[in-house]
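Working notes, beginning with the structure itself.
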Amino acid sequence: MYFEELKKKLEIEIGQKLFRHSIGTMEEAEKLASVYGCDMSKAKIAGLLHDCGKGTCKDNLKHAKKSAEIARLKFGVKDKDIINAIMYHTTGRVNMTLLGKIIFIADKIEPNRHYEGVEEIRKEAYTNIDAAIIKSLESTIEYVKNRNMVLDMESVNTLNYLKEGK
Ligand SMILES: [Fe+2]
Ligand SMILES: [Fe+2]
Numbered sequence: 031m032y033f034e035e036l037k038k039k040l041e042i043e044i045g046q047k048l049f050r051h052s053i054g055t056m057e058e059a060e061k062l063a064s065v066y067g068c069d070m071s072k073a074k075i076a077g078l079l080h081d082c083g084k085g086t087c088k089d090n091l092k093h094a095k096k097s098a099e100i101a102r103l104k105f106g107v108k109d110k111d112i113i114n115a116i117m118y119h120t121t122g123r124v125n126m127t128l129l130g131k132i133i134f135i136a137d138k139i140e141p142n143r144h145y146e147g148v149e150e151i152r153k154e155a156y157t158n159i160d161a162a163i164i165k166s167l168e169s170t171i172e173y174v175k176n177r178n179m180v181l182d183m184e185s186v187n188t189l190n191y192l193k194e195g196k
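For any residue, its number in the numbering used here is found by taking its place in the sequence shown, counting from 1, and adding 30.
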């Protein structure tokens, strides 16, 4: 499928607001890929499609897995690294690839994101991507705990894994 076709199809699938966020994530992922020497076309596709299943997924905790499935079935993505980057973009995972790290953090820092502390994470993403992911995971975990929401253990595992590598 040609890239412009992918974009058109995605816009119909997820609606304007999420489409804007997806374009922002795609552009951020491309910039990060050029800085860290990652495959830019993979970063572009993974960034664009990372939330492609969010529109039809009621359970926010499951939208990343759903998006990976839709990327494969509806958008014809076959590349495993792209599929995994989409599948783990909310929690990260142990042994995540560079592409996985880029999509994780691009989603959290793209220009449409506004939350306390985002500027610091934005800067760090371009100098030390692991440290940026650690910061992002720590604030998410704290947010979830403070509100007695369900904590996805995968994010705790990712946090511990990245901290061990420091
Ligand atoms: Fe997402
Ligand atoms: Fe997203």
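The beta carbon of each residue, even a glycine, is placed where N, CA and C say it ideally should be.
Here the structure is a predicted model, which is why all the values come from computation and not from measurement.
If residue i and residue j are in contact, beta carbons under 8 Å, what's the gap, nearest whole angstrom?
i, j, result
"residue 187", "residue 124", "6 Å"
"residue 93", "residue 111", "No, residue 93 and residue 111 are not in contact; Cβ-Cβ is about 20 Å, not under 8 Å."
"residue 56", "residue 38", "Wrong, their Cβ atoms sit about 14 Å apart, outside the cutoff."
"residue 79", "residue 101", "5 Å"
"residue 105", "residue 36", "6 Å"
"residue 151", "residue 192", "That pair is no contact at about 14 Å."
Can you tell which of the options has its C-alpha closest to the C-alpha of residue i?
i, options, result
"residue 48", "106, 113 and 143", "143"
"residue 155", "89, 178, 60 and 108", "60"
"residue 50", "68, 140 and 131", "140"
"residue 67", "99, 91, 132 and 121", "132"
"residue 91", "117, 158 and 76", "117"
"residue 159", "174, 138 and 173", "138"
"residue 185", "173, 150 and 121", "121"
"residue 89", "167, 179 and 107", "179"
"residue 83", "165, 71, 99 and 175", "99"
"residue 69", "127, 103, 52 and 54", "127"
"residue 46", "85, 65 and 34", "85"
"residue 65", "153, 171 and 32", "153"
Label residue i either buried or exposed according to how many other C-beta atoms from any shown protein chain fall within 10 Å of its C-beta, with 16 as the threshold for buried.
i, result
"residue 130", "buried"
"residue 44", "buried"
"residue 189", "buried"
"residue 77", "buried"
"residue 194", "exposed"
"residue 11", "An answer regarding residue 11 cannot be provided, because it is not within the stretch 31 to 196 covered by the chain."
"residue 166", "buried"
Quick one: does residue i have its CB under 9 Å from some CB of chain C?
i, result
"residue 103", "Chain labels in this structure do not include chain C; a single protein chain is all it has."
With H, G and I counted as helix, E and B as strand and the rest as coil, what does DSSP make of residue i?
i, result
"residue 60", "helix"
"residue 191", "helix"
"residue 137", "helix"
"residue 182", "coil"
"residue 123", "coil"
"residue 160", "helix"
"residue 50", "helix"
"residue 81", "coil"
"residue 149", "helix"
"residue 111", "helix"
"residue 102", "helix"
**Neighbourhood of ligand 3 [Cβ distance below 5 Å to any heavy atom], ordered by chain position** = Among the ligands present in this structure, namely ligand 1 and ligand 2, ligand 3 is not found.
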